[in-house]
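Remarks on the structure that follows.
Next comes the structure, spelled out in structure tokens:
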């Protein structure tokens, strides 16, 4: 889908302290295979010892609003993307209160690890038809708590991590414009999202106990088709991309399923960030976008592919073009 008059005005993030990945090798509850850890290329993961997911989201959102120089009164939609929120039943309303945005449409959005990218697409639809001067605040937050979750996710070869990020989408300009989005699904894999084989509601997802190898062809097709569609509609070749924001899969599956088939080198992606943070649930896409802005290396005309993939399975991609030199974020 092609877009007009939808811009990125600001980004923000909040990341708790990092934990060394090797520290879990001796943890009997985590069952981390040393060879699998080495293959994943992860070095650490972010973990929140105290702040809840909504509290982290509020900090990231405040940073994005400052970066966009946007007043709370200009926000007409607020989206909170999440996965398995255990801290608050209505986190979007929490953000409305602490950020003083009482009149905005507030929505909680699922989509698992695809949440950040999906929220951008949903918010863009609102911004496009909103009055001049309107903006949407997209937030995402994740906090994986035991005993429901182990930190090491063997099926994805990744660590489940905590954190939050936010993006302001504006109607009247910003440092990047949204060119296109694409979305596909593979609902034949929805059974992997069921909770445990024995039916305990507090147990882990079936995905935590299953090997994804039998489903790699389906996942690869969904990921590649979505990215290719977004790029084709934007009239951009993969080789011409400046940066690619990735979802925090381990390096081996990320390369095999997406990067190598599309011909995108890993050093053009945000993997160097993800290997430090782990897989921050629904936040990866927004954190990655904030990261490439923080680097201060982007110039007008540069292009970014935001790649999302989440349990279910659902895939969303967005293509952005830098329209003016972005300043570094402050949060």
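Residue numbers (our numbering): 79 to 409.
Here a beta-carbon is modelled for each residue, glycine too, at the ideal position from N, C-alpha and C.
Where the beta strand (DSSP E) through residue i begins and ends
i           : result
residue 394 : 392-400
residue 122 : 122-124
residue 261 : 254-263
residue 157 : 153-159
residue 91  : 85-92
residue 96  : 96-98
residue 387 : 381-388
C-beta neighbour in chain D for residue i, strict 8 Å
i           : result
residue 338 : Within the model displayed, chain D is absent; a lone protein chain is all it includes.
Buried or exposed by the 16-neighbour rule on C-beta atoms within 10 Å, applied to residue i
i           : result
residue 89  : buried
residue 328 : buried
residue 202 : buried
residue 250 : exposed
residue 157 : buried
residue 192 : buried
residue 154 : buried
residue 377 : exposed
residue 396 : buried
residue 111 : exposed
residue 330 : exposed
residue 181 : exposed
residue 272 : exposed
residue 417 : An answer regarding residue 417 cannot be provided, because it is not within the stretch 79 to 409 covered by the chain.
residue 163 : buried
residue 406 : exposed
residue 61  : This structure leaves residue 61 out entirely; the chain is present only between 79 and 409.
residue 126 : buried
residue 168 : exposed
Test item: CB-CB of residue i and residue j under 8 Å
i           : j           : result
residue 322 : residue 391 : no
residue 85  : residue 131 : no
residue 360 : residue 218 : yes
residue 363 : residue 339 : no
residue 139 : residue 248 : no
residue 96  : residue 354 : yes
residue 143 : residue 245 : no
residue 252 : residue 87  : yes
residue 149 : residue 122 : no
residue 228 : residue 165 : no
residue 341 : residue 316 : yes
residue 326 : residue 236 : yes
residue 215 : residue 200 : no
residue 208 : residue 185 : no
residue 369 : residue 348 : yes
residue 212 : residue 152 : yes
residue 320 : residue 380 : yes
residue 80  : residue 258 : yes
residue 114 : residue 232 : yes
residue 270 : residue 356 : no
residue 398 : residue 254 : yes
residue 243 : residue 91  : yes
residue 333 : residue 344 : yes
residue 124 : residue 240 : yes
residue 136 : residue 173 : yes
residue 294 : residue 267 : no
residue 388 : residue 190 : yes
In DSSP terms, what residue i is bridged to
i           : result
residue 241 : 220
residue 357 : 238
residue 176 : Partner(s): none; residue 176 has no beta bridge.
residue 230 : 237
residue 248 : 85 and 213
residue 80  : 258
Residue span of the alpha helix (DSSP H) that contains residue i, given as start and end
i           : result
residue 365 : 362-372
residue 144 : 131-146
residue 116 : 112-118
Closer than 7 Å: residue i CB and nearest the ligand ZN heavy atom
i           : result
residue 176 : In the structure on display, the ligand ZN does not appear, and there are no ligands present to speak of.
- May I have a chain-ordered list of the alpha helix (DSSP H) segments no shorter than 4 residues that lie completely inside the region 306-350? 329-332
- At which residue ranges does the region 182-207 contain complete alpha helix (DSSP H) runs of 4 or more residues, listed in the order of the chain? 193-207
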